[in-house]
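Peer 1:
Residue numbers (our numbering), protein chains in the order written: chain A, 570 to 681; chain B, 23 to 136.
1) Is there a C-beta anywhere in chain A that falls below 8 Å from the one on residue 50 of chain B?
2) Classify residue 681 of chain A as buried or exposed, calling it buried when 16 or more other Cβ atoms lie within 10 Å of its own Cβ.
3) What is the DSSP secondary structure of residue 59 of chain B, reduced to helix, strand or coil?
4) So, at 6 Å on beta carbons, what are the nonlocal neighbours of residue 587 of chain A in its own chain, with the 5 sequence-adjacent residues on each side left out?
5) Please classify residue 634 of chain A as buried or exposed, where buried requires at least 16 neighbouring CB atoms within 10 angstroms.
6) Using a beta-carbon distance below 8 Å, is residue 610 of chain A in contact with chain D?
7) Give me the Cβ distance between residue 616 of chain A and residue 599 of chain A, rounded to the nearest whole Å; I'm assuming they're in contact under 8 Å.
8) So within the segment 72 to 99 of chain B, which uninterrupted alpha helix (DSSP H) runs reach at least 4 residues, ignoring any that extend past its ends?
9) In three-state DSSP terms, what is residue 115 of chain B?
10) Examine chain A for any beta-carbon lying closer than 8 Å to the beta-carbon of residue 23 of chain B, and answer yes or no.
11) For the beta strand (DSSP E) containing residue 131 of chain B, name the first residue and the last one.
12) Could you compute how far the alpha carbon of residue 62 of chain B sits from the alpha carbon of residue 583 of chain A?
13) Going along the chain, which residues of its own chain have a beta-carbon closer than 8 Å to the beta-carbon of residue 36 of chain B, five neighbours each way excluded?
14) In chain order, what residues of the same chain lie with their CB nearer than 8 Å to the CB of residue 81 of chain B, ignoring the 5 residues before and after it?
15) Identify which residue in B:91, B:73 and B:40 has its Cα closest to the Cα of residue 52 of chain B.
16) I'd like to confirm the pairing. Which residues does DSSP put opposite residue 655 of chain A in its beta bridges?
17) Are there 16 or more other CB atoms within 10 angstroms of the CB of residue 613 of chain A, so buried, or fewer, so exposed?
Here it is in structure tokens:
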């Protein structure tokens with residue numbers, strides 16, 4: 570069983586829809602949670618960072634962490650075709666990039 | 023700033039050949055990383071470096087070697103290439119090691135071993 574699970578998709582939604590992307594994990598020690606976006610044939614880029622539980626909002630993006638359920642989510646409001654990409658979650662038990670465990674990613678397609 | 027630059031972008035190797043993936047960054051970051059990304063799998067850390075002259079193994083170091091002679095450069099060496107090393111390789115860097123600090127990735131190197 571993978572430590573971090575993501576539905577690979579593709580998830581296809583119409584432009585303007587609210588998108589929900591999720592990761593589940595098995596290690597209750599994870600405290601640091603990140604979402605990265607990866608466009609086709611490009612490297613990942615950091616979207617959101619959250620420590621421990623709770624919500625964090627940045628523009629159209631909201632990250633949620635539910636440690637009791639070992640579940641994190643990324644919500645995208647007013648989705649745009651430019652949001653079409655693969656979304657990777659990453660998490661770590663310690664405050665260290667060396668120990669990040671990455672999900673395999675969910676491919677998102679926003680239809681104009 | 024160019025950020026993190028990797029070369030080559032694409033390469034086909036024969037089994038048993040060796041090659042070096044080049045990586046350079048112009049952000050004066052101390053921390054550099056090499057990852058591989060395989061279909062259906064999360065990024066796996068191969069090696070990392072905390073500064074010039076200092077490197078350490080990540081999760082999947084077997085079959086690879088690295089060096090860090092300068093702050094800017096962090097080449098990854100594949101010795102005796104095997105089909106299992108067919109993957110997409112990403113070099114990355116960050117200013118600090120803390121989890122919330124952005125990791126900047128290169129555009130990737132697609133390697134096929136036949």
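We put the beta carbon where it would ideally sit given N, CA and C, even for glycine.
Peer 2: By the coordinates alone:
1) no
2) exposed
3) strand
4) 646
5) buried
6) Of the chains in the structure shown, none is chain D; the protein chains are A and B.
7) About 18 Å separates the two Cβ atoms, so there is no contact after all.
8) none
9) strand
10) no
11) 131 to 135
12) 25 Å
13) 103, 135 and 136
14) 66, 67 and 68
15) B:73
16) A:607 and A:676
17) buried
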